[in-house]
Structures are given as structure tokens and as C-alpha cells.
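**Q** With the first letter of the sequence shown counted as 1, position 21 gets the number 22 in the working numbering; the numbers rise by one all the way through.
Can you keep this structure in mind? I'll have questions shortly.
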Amino acid sequence: MQPLNQYQPQPNELQGRVILITGATDGIGKALAIAAATLGAQVIASGRNQKKLEAVANQVTDPSTLPMALLPLDLEKAGPADYEAMAEAIEKNFGRLDGLVHNAAILGERAPIEHHDIQKWLRAMHVNTNAPFILTRHCLPLLKKSSDASIVFSSCDIATEVRAYWGPYLVSKWANEGMMRMLADELSNSTVRVNSFNPGTTNTKIRMQAFPAENRDAMQKPAAVTKGYVFLLSAHSQGMTGQHINNN
Ligand code: NDP
Numbered sequence: 002m003q004p005l006n007q008y009q010p011q012p013n014e015l016q017g018r019v020i021l022i023t024g025a026t027d028g029i030g031k032a033l034a035i036a037a038a039t040l041g042a043q044v045i046a047s048g049r050n051q052k053k054l055e056a057v058a059n060q061v062t063d064p065s066t067l068p069m070a071l072l073p074l075d076l077e078k079a080g081p082a083d084y085e086a087m088a089e090a091i092e093k094n095f096g097r098l099d100g101l102v103h104n105a106a107i108l109g110e111r112a113p114i115e116h117h118d119i120q121k122w123l124r125a126m127h128v129n130t131n132a133p134f135i136l137t138r139h140c141l142p143l144l145k146k147s148s149d150a151s152i153v154f155s156s157c158d159i160a161t162e163v164r165a166y167w168g169p170y171l172v173s174k175w176a177n178e179g180m181m182r183m184l185a186d187e188l189s190n191s192t193v194r195v196n197s198f199n200p201g202t203t204n205t206k207i208r209m210q211a212f213p214a215e216n217r218d219a220m221q222k223p224a225a226v227t228k229g230y231v232f233l234l235s236a237h238s239q240g241m242t243g244q245h246i247n248n249n
């Protein structure tokens, strides 16, 4: 594999690929939706806020790009019927999926385990880990219809570290690493690869919630970290599966 920092996507690198991105309304997911559409993908942008989704789609003004498909889905509240309707709509409109990016996440509460608010813990675990499981479960038949499909989990430093008081954010990211590795193993004889990507410190809402005193100007912008996701979604990462990739 070439070092990620030397990877430069070609124009139309993602042409012909149908890619679903969660949390496409802000931060890294929004930047990735725009980058992927610009590189030729048919993006299915998912988020909990329809107006924000429309605003993201409207930022891609190049007439040669495919209009984004918008998929309103609140990962905290969605039930079985919502996921079934989503899979049916993708099947009907596109027939398959070539990429699925589990990007949406919330920070949740940080507190000692003995003081954790149980509902807040369950909510963060649901958005960060259960929802990616349910979404994957519903999307796998569509991903298996692709000749070259890629699932990417958004990871981070604490998915491989121990830090006291980080609560469900840390636990969910560890769980997602386990889910990624297990799924990669389950799909090892298929055309679906599964990896996780740690974008590194990026100037977004969740970062500011986690580290309010950090210098925002010194951080990379969301658009700067999209390259790594594009690599994992493109034909360049064929054959690579079960890997945790760090951006820096
Ligand atoms: P943001 O807070 O900017 O974006 C989070 C996205 O998740 C938003 O689009 C948000 O929607 C969406 N989201 C939250 N809850 C739900 C829900 N219930 N249903 C649907 N969508 C929801 O954070 P980032 O862009 O930084 O985070 C993206 C990923 O990158 C996360 O997985 C994060 O853990 C990871 N990451 C980020 C790092 C960083 O430094 N920024 C470092 C390492 C990893 P809405 O717009 O409605 O709020």
C-alpha cells in the first residue's frame, strides 16, 4: 500500500460508485459527501436534519456531478420500518451499494462510570454503535451486489487507547473496532471489504465539545481529511480489509 499522505485522488476516482455516508450534515461527513460527489460518486447523504442535508447538496454546483440523494434518518430514533424503507429505496433507485461510511457520532457524557446517567450512556451507544450495526445489517445485501464494495467506520485515537471518564464515546469506538474486525473476517471471501479510518484532530463540532480549549486554527479542516476515506472507498484499497488506518 502506498503511504496515505502520498495518495492523491484522480478526478473521477469514485465514478460509478454508489456511496452512503451517515452524518453528512456537518463536519467530516459533510466534507466527504461533497468530495465524493465531486470525484464522481453517486452520494447518498444521510442525516437527521433535512434542511442541513439540502444545504450540503446545494454546495455541489458543478453540473457534471450527480445530484446527491438525500436520506433523512435520525440514528437515535429510527426503527425497523425506517431501515427497511431506506434499503428498499436504495435498491429501487440504484440497485446496489459500493460504499457505506459510518461517520455519524455523538460525544455523550464524560464522567466516572459510577456517576454516569444511564439514558445518556444508552443514547450514545445507540447512535455510535448499535445504529452502525443495524445499518450494516440492512445494507449488506446491497453491498454484496457490488463487484467492489467498501465499508468504512470512522475511528479515532481512543479506539485503541484507554482514557478514564470518556464513557460511551470510548466504549463505542472500541466496540466499532471489534465490529469492523469481526465483519471483515465474516466477509473475507466476499467482494465487501471493511476497514476503519482515524481522521485525526479535525476542526469540527464534536472536537470542540470534547476539547473546548484547543486552538481551532491549528487544526486540519474537514476537507483535508477526506482523502483517506476516498482511498478506502476507491479501487485503490481493493484487497485491504480488517485494517485500522490512521490519517497522520
Ligand atoms: P461533527 O459533530 O461535526 O459531525 C457529527 C455528525 O453526526 C453530524 O452530521 C451530526 O448531525 C451527525 N449525527 C449526530 N447524531 C446523529 C443522529 N442521531 N442521527 C444522524 N446523524 C447524527 O463531528 P465530526 O465531523 O468531527 O465527526 C465525524 C466522525 O469523525 C465521528 O465518528 C467522530 O468520532 C470521528 N472523529 C472526529 C475527530 C475530530 O477531531 N473531529 C477525530 C477522530 C474521529 P447534525 O448535523 O444534525 O448534528
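Idealized CB from N, CA, C, for every residue including glycine.
Say whether the stretch 8–24 touches the stretch 33–42, bearing in mind that this needs 3 or more beta-carbon pairs closer than 8 Å, one atom from each stretch.
**A** The answer is yes - the stretch 33–42 touches the stretch 8–24, with three or more Cβ pairs under 8 Å.
**Q** Determine, using beta carbons only, whether residue 26 and residue 50 come nearer to each other than 8 Å.
**A** Locating residue 26 in the sequence shown gives position 25, where the first residue counts as 1. Locating residue 50 in the sequence shown gives position 49, where the first residue counts as 1. Closer than 8 Å, so yes.
**Q** May I have a chain-ordered list of the alpha helix (DSSP H) segments no shorter than 4 residues that lie completely inside the stretch 105–152?
**A** For the stretch 105–152, whole alpha helix (DSSP H) runs of length 4 or above, ordered along the chain, are 119–126, 132–144.
**Q** With a threshold of 7 Å (Cβ to nearest heavy atom), would residue 76 be considered close to the ligand NDP?
**A** Taking the first residue of the sequence shown as 1, we reach residue 76 at position 75. At least one heavy atom of the ligand NDP is nearer than 7 Å to the Cβ of residue 76, so yes.
**Q** In terms of residues, what are the limits of the beta strand (DSSP E) holding residue 172?
**A** Taking the first residue of the sequence shown as 1, we reach residue 172 at position 171. Segment 168–187 is the alpha helix (DSSP H) holding residue 172; no beta strand (DSSP E) there.
**Q** Would you say residue 137 lies against chain D (beta-carbon separation less than 8 Å)?
**A** Among the protein chains of the structure shown there is no chain D, as only one such chain exists.
**Q** Alpha carbon to alpha carbon, how far is residue 7 from residue 120? Give it in angstroms, no decimals.
**A** Working through the sequence shown from its first residue, we reach residue 120 at position 119. Working through the sequence shown from its first residue, we reach residue 7 at position 6. If you take the alpha carbons of residue 120 and residue 7, they lie about 44 Å apart.
**Q** I'd like to know whether the C-beta atoms of residue 199 and residue 248 end up nearer to each other than 8 Å.
**A** Sequence index remark: in the sequence shown, residue 199 carries index 198 (1-based). Sequence index remark: in the sequence shown, residue 248 carries index 247 (1-based). Yes, Cβ-Cβ distance for residue 199 and residue 248 is below 8 Å.
**Q** Have a look at residue 196 and residue 228 and give me their C-alpha separation to the nearest angstrom.
**A** Within the sequence shown, the letter at position 195 stands for residue 196. Within the sequence shown, the letter at position 227 stands for residue 228. Their Cα atoms are separated by approximately 15 Å.
**Q** Under a Cβ-count criterion, where at least 16 other Cβ atoms within 10 Å of its own Cβ denotes burial, should residue 114 be classed as buried or exposed?
**A** For the purposes of this step, residue 114 is taken as the residue at position 113 of the sequence shown. That one is exposed.
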